[in-house]
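Have a look at the structure below before the remarks.
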Ligand SMILES: Cc1ncc(COP(=O)(O)O)c(C=O)c1O
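What follows is the structure, given as structure tokens:
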């Protein structure tokens, strides 16, 4: 039987809620299900404001607009991340400064941040890779001392914690993803978490095409008009209905993923120790979100052969992120081979195993068995 890398199917009342949204007569943005998702996220995380967006990419775009990023500003980005983390700021004219990652958690290496700060630096964007928290105490301290904003890219980390506090609640803002590969999904979707209450009013405007329509709907103004730059960042309530059904299953989804993660760890740890393969590192200060399970193989050749070996048995595994500084865009900003050696190495070594909300014990057994049979 083939084993999918991801299987984004309903896990609860998704279809029922979508039918309800369709029958409600409100299928554009900010309908009843969007409000339920906002309230859910605000209550669960204790954030002052959560706004659903059409993607994490768009939540990051909004963050860059809200911080007033200007051409020539610099932004500190981990080299090992998705393009959206950096694009949001480059779209506003900023210059990305790529900083290498820690070899253990694969998160932004907090010890390298200060050396990358110049008089033009405005923002640091920690990415909680695999939903394992960055060293937020150190990062927040550096940001405060240098007057920098922190925007957390928490695409992977909903409900993960660092020192007992939810990821996404440290920076001035944080971006969540509800893409179909994430723990909670609406196919495509995201949210902007706003921890700095002074940004909320403008965030609503930017999200509503630069108009004060949200205030109009609340009866706070008698007509709405163009007041700022912005775009259409709010999802249809049909998508919010799907997402709300997933969020409602928080406990079940997270328990399933925790169990699946531990099954891989238990099944593979002795093998890994004997083969120079590394499993994910979870520091004691971090409660991870159980977003993914990956292996770090000894080198590119072994990684590629393992992916092919698993593929030959119908098991779909994937690599992740090429070093941003070596992409065409990264090179145009001056990136050169050797700038971020940890990212360059890890990007060759990493393989993600099938991991999703409906993964079964039998499927995991197949994956583990196939890995144990892999010849180096
Ligand atoms: C770290 C990170 N940030 C942002 C994104 C973009 O998310 P979305 O597809 O919701 O725009 C991704 C995508 O997986 C990601 O891995």
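Residue numbers (the working numbering): 138 to 513.
C-beta: ideal position from N, C-alpha, C; glycine also.
- Message: Just to confirm the assignment: which complete alpha helix (DSSP H) runs, minimum length 4, are found wholly within the region 375-429?
- Response: 387-412
- Item | 6 Å Cβ shell around residue 521 - same chain, five flanking residues per side excluded | An answer regarding residue 521 cannot be provided, because it is not within the stretch 138 to 513 covered by the chain.
- Message: Does the structure place the region 266-286 close enough to the region 415-430 that three or more beta carbon pairs sit under 8 Å?
- Response: yes
- Answer yes if the region 188-200 comes into contact with the region 320-335, meaning at least three C-beta pairs across the two stretches below 8 Å, and no otherwise. yes
- Query: Does the count of Cβ pairs from the region 198-213 and the region 332-341 closer than 8 Å reach three?
  - Reply: yes
- Between the CA atoms of residue 364 and residue 409 - distance to the nearest angstrom: Sequence index remark: in the chain shown, residue 409 carries index 272 (1-based). Sequence index remark: in the chain shown, residue 364 carries index 227 (1-based). When rounded, the distance between both Cα atoms is 57 Å.
- Does the distance from the C-beta atom of residue 453 to that of residue 417 stay below 8 Å? The residue you call residue 453 lines up with position 316 of the chain shown. The residue you call residue 417 lines up with position 280 of the chain shown. Contact: no.
- Message: In this structure, how does DSSP classify residue 173 when only helix, strand and coil are distinguished?
- Response: Along the chain shown, one-based indexing puts residue 173 at 36. Three-state DSSP puts residue 173 in a helix.
- With DSSP run on the structure shown, which of helix, strand or coil describes residue 138? As a first step, residue 138 is located in the chain shown; it is residue number 1 there, counting from the start. Residue 138: coil per DSSP, three-state reduction.
- Query: Taking 7 Å as the cut-off, does the CB of residue 193 come closer than this to any heavy atom belonging to ligand 1?
  - Reply: On the chain shown, residue 193 is found 56 positions in, with the first residue counted as 1. Residue 193 Cβ: within cutoff of ligand 1.
- Task: Select from 294, 287, 241 the residue whose C-alpha is nearest the C-alpha of residue 267.
- Result: On the chain shown, residue 267 is found 130 positions in, with the first residue counted as 1. Taking only the C-alpha atoms, the option nearest residue 267 is 294.
- Decide yes or no for the touch test of the region 387-399 against the region 424-436: beta carbon pairs closer than 8 Å, at least 3 of them. yes
- Message: Can you tell me whether residue 290 is helix, strand or coil according to DSSP?
- Response: Start at 1 with the first residue of the chain shown, and residue 290 comes out as number 153. Residue 290 falls in the strand class under three-state DSSP.
- Flag residue 293 as yes when its Cβ comes closer than 7 Å to any non-hydrogen atom of ligand 1, and as no otherwise. Along the chain shown, read from residue 1 onward, the residue named residue 293 stands at position 156. Yes - ligand 1 has a heavy atom lying nearer than 7 Å to the Cβ of residue 293.
- Query: Since residue 322 is in the beta strand (DSSP E), which residue starts that stretch and which ends it?
  - Reply: Position 185 of the chain shown, counting from 1, holds the residue named residue 322. Element bounds for residue 322: n/a, residue is neither H nor E.
- For the beta strand (DSSP E) that contains residue 220, what are its first and last residues? By one-based count along the chain shown, residue 220 stands at place 83. Where residue 220 is concerned, there is no enclosing beta strand (DSSP E), although the alpha helix (DSSP H) it sits in stretches over 220-227.
- Cβ pair residue 486, residue 148 closer than 8 Å: Here residue 486 corresponds to residue number 349 of the chain shown, with the count starting at 1. Here residue 148 corresponds to residue number 11 of the chain shown, with the count starting at 1. Their beta carbons are not under 8 Å apart, which means residue 486 does not touch residue 148 by this criterion.
- Item | Inter-residue spacing [alpha-carbon to alpha-carbon] between residue 370 and residue 283 | Within the chain shown, residue 370 is the residue found at index 233, counting from 1. Within the chain shown, residue 283 is the residue found at index 146, counting from 1. Their backbone Cα atoms lie some 31 Å apart in a straight line.
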